[in-house]
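One structure is given below, encoded as structure tokens.
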Amino acid sequence: MGTFDKPCSCKRPTQCQHPYFIRYRDAGGHQREESGFRTQDDAKDRLVALYAQKSKTPASKAELIRHYGQMRFENFVGDYVGRQRRLSYGTVYEYEHLARNHLIPELGSRRVETFTPLVVENFLTTMDRLGTPDPTQFKVFVLLKTLLLDAHRKGAIEGHPLEDVDAPQYEAERAVVPTKEQVIAIKAAAASDRFSMFVDMMAGCGLRNGEALALNVNNIVADDVYRVTEQVHYRTKKLEKLKHRKPGEFREVPLPRSIRESIERFAEKHGTTEDGYLLQGTRGKHMNHGTINAIWYRKLPGKNVYIPRGMTIYGNRHFFASNCLAHNIPITDVADWMGHKSIEVTFRIYRHLMPASIGRAAKLLDRGLHDLAA
1 MGTFDKPCSC KRPTQCQHPY FIRYRDAGGH QREESGFRTQ DDAKDRLVAL
51 YAQKSKTPAS KAELIRHYGQ MRFENFVGDY VGRQRRLSYG TVYEYEHLAR
101 NHLIPELGSR RVETFTPLVV ENFLTTMDRL GTPDPTQFKV FVLLKTLLLD
151 AHRKGAIEGH PLEDVDAPQY EAERAVVPTK EQVIAIKAAA ASDRFSMFVD
201 MMAGCGLRNG EALALNVNNI VADDVYRVTE QVHYRTKKLE KLKHRKPGEF
251 REVPLPRSIR ESIERFAEKH GTTEDGYLLQ GTRGKHMNHG TINAIWYRKL
301 PGKNVYIPRG MTIYGNRHFF ASNCLAHNIP ITDVADWMGH KSIEVTFRIY
351 RHLMPASIGR AAKLLDRGLH DLAA
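Numbering (full-length UniProt numbering), first residue to last: 1 to 374.
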């Protein structure tokens with residue numbers, strides 16, 4: 001069941017003030033120690049409780065604890081990712097990238113059962129010392145937390161591996177939103193009909209990069225409605241399901257008249273594929289992210305055009321959100337049209353773009369209170 005003793009060399013250990021410690025084997029077969037017991041009875045009671053807990057552990061679970069506890073962390077990462085059936089291709093790629101470049105070099109050879117809060121804190125300190133950027137530190141910690149909590153739930157790590165750990169803090173920078181005039185100037189400087197059409201779908205309908213690349217005339221389901229059904233994935237360069245959606249699911253977004261007419265002009269001038277796609281690639285069926293990046297990062301910097309500091313291609317989508325909120329469209333609708341997983345995401349990114357409402361609310365409330373306060 002286990003043993004108890006005192007670490008001192010007193011002549012009468014049963015009467016000295018030093019605390020007792022106990023040794024026992026857990027359900028995974030590993031020797032453990034606990035200390036701080038004032039009396040023999042306290043130590044015995046703890047051993048009895050541990051033995052009862054161990055006796056109730058099924059043999060299959062004990063084997064699972066041994067299996068994962070002795071596994072090296074590098075292998076556990078691969079095991080965890082392989083067990084996740086709902087992860088998208090992009091998420092799996094990011095997990096593998098973060099693990100390969102940050103977790104495995106420092107922690108890969110460590111056995112899972114040896115992780116403690118001190119190990120995690122030392123790892124975070126190492127990232128600080130190496131100058132790892134704050135956003136990357138945050139992502140790495142989130143992945144490490146996910147992995148260790150999974151191991152903890154399986155019993156491979158006995159104590160909570162993140163107890164009292166000071167997690168990295170990261171506050172995303174505010175979205176840089178271009179003006180309408182700046183968007184027009186960027187389109188003109190690019191001198192590319194395909195790039196202009198791509199920007200129109202992002203700035204006019206709020207589509208993500210890959211969704212805009214998958215522009216299809218057959219998705220115009222009404223004069224003022226565009227149905228977003230798929231995206232061109234930035235890694236595979238093939239059509240994939242939408243982000244945060246199951247295969248076959250879609251969302252519908254407003255289609256302004258000017259954007260619809262832009263689509264019609266483009267289709268008349270350049271045509272479409274047999275199945276209705278407009279933005280065709282020079283080599284593949286679809287224009288891909290590499291072509292857009294080449295225009296944005298190589299072609300535009302050499303042109304006489306002003307691009308706001310910190311603006312990325314995604315800024316065109318931010319313009320859509322800003323335009324909606326500036327015209328008092330409810331943020332709940334904006335979140336739905338942009339395909340965000342939750343309204344909290346929309347609120348966190350675009351809260352600063354919402355028009356001030358306190359003054360407007362005071363005027364509206366005054367209409368109903370004027371007679372009351374008279």
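Using N, Cα and C, we set each Cβ at its ideal position, and we do this for glycine too.
- V253 - containing beta strand (DSSP E), residue span: In the DSSP assignment, V253 falls within the unbroken beta strand (DSSP E) covering 251 to 254.
- Item | G315 to K243 span [Cα, whole Å] | About 18 Å.
- Query: For the alpha helix (DSSP H) that contains Q137, what are its first and last residues?
  - Reply: Its alpha helix (DSSP H) spans residues 134 to 153.
- Message: Let me confirm a value: C8 is counted as buried when at least 16 other C-beta atoms fall within 10 Å, else exposed. Which label applies?
- Response: Around the beta carbon of C8, fewer than 16 other beta carbons sit within 10 angstroms, so the residue counts as exposed.
- Task: Please report the residue range of the beta strand (DSSP E) in which D5 lies.
- Result: Unbroken beta strand (DSSP E) run through D5: 3 to 5.
- Item | Per DSSP, cross-strand counterpart(s) of F21 | F21 is bridged to D5, S35.
- Message: Quick check on L215: does DSSP put it in helix, strand or coil?
- Response: Coil.
- Message: According to DSSP, simplified to helix, strand and coil, what is L239?
- Response: Note: L239 maps to strand in three-state DSSP.
- Task: Rank D224, E33, E211 by C-alpha distance to the C-alpha of E230 and give the top, closest one.
- Result: Comparing alpha-carbon positions, the option among D224, E33, E211 lying closest to E230 turns out to be E211.
- Message: Please return the same chain residues whose Cβ sits closer than 7 Å to the Cβ of M338, not counting the five positions on each side in sequence.
- Response: Only G206, A321, T346 meet the Cβ criterion.
- By a C-beta neighbour count over all protein chains shown, 10 Å radius and 16 as the cutoff for buried, is L143 buried or exposed? Buried, because 16 or more other Cβ atoms sit within 10 Å of the Cβ of L143.
- Task: Give the range of the beta strand (DSSP E) segment to which V228 is assigned.
- Result: Following the DSSP letters along the chain, one finds V228 inside the beta strand (DSSP E) bounded by residues 225 to 228.
- Taking the CB atoms as reference points, tell me whether V232 and H286 lie closer together than 8 Å. A contact, by the Cβ cut-off of 8 Å.
- Query: Any idea which residues DSSP pairs A222 with across the strands?
  - Reply: Note: A222 sits in a beta bridge opposite V225.
- Could you tell me whether the Cβ atoms of H195 and I295 are closer together than 8 Å? A small fix is needed here, since residue 195 is Phe in this sequence, not His. Their beta carbons are under 8 Å apart, which means F195 touches I295 by this criterion.
- Query: So, is P178 buried or exposed, given that buried needs 16 or more other C-beta atoms within 10 angstroms?
  - Reply: Result: buried.
- Go to T332, then tell me how far its alpha helix (DSSP H) extends in each direction, as first and last residue. Boundaries of the alpha helix (DSSP H) around T332: 331 to 338.
- For the candidate residues L147, P105, L148, T116, whose alpha-carbon lies nearest to that of M127? Comparing Cα-Cα distances from M127 to each of L147, P105, L148, T116, the minimum goes to P105.
- Message: Counting C-beta neighbours from all protein chains within 10 Å, is the total for K269 16 or more, i.e. buried, or is it exposed?
- Response: It counts as exposed.
- Message: According to DSSP, simplified to helix, strand and coil, what is R86?
- Response: Note: R86 maps to coil in three-state DSSP.
- Smallest Cα separation from L107: which of F250, Q280, I259, V77? The shortest C-alpha separation from L107 is found at V77.
- Query: Looking only at its own chain, which residues have a Cβ that is under 6 Å from the Cβ of M71, when we skip the five neighbours before and after it?
  - Reply: Once the five neighbours on either side are set aside, the close Cβ partners of M71 are V112.
- Query: Based on the DSSP secondary-structure assignment, which residues constitute the bridge partners of V232?
  - Reply: Per DSSP, L239.
- Candidates Y297, T312, L213: closest to Q280 by CA position: Distance check between Q280 and each of Y297, T312, L213 places L213 closest, using alpha-carbon atoms only.
- Item | Distance between beta carbons of V305 and A185, contact taken as under 8 Å | 5 Å between Cβ atoms; contact.
- Just the C-alpha distance for Y51 and L64, rounded to the nearest angstrom, thanks. Between Y51 and L64, the C-alpha separation is close to 18 Å.
- Environment of T291 [buried if 16+ CB atoms lie within 10 Å]: Counting Cβ neighbours within 10 Å, T291 comes out buried, since at least 16 surround it.
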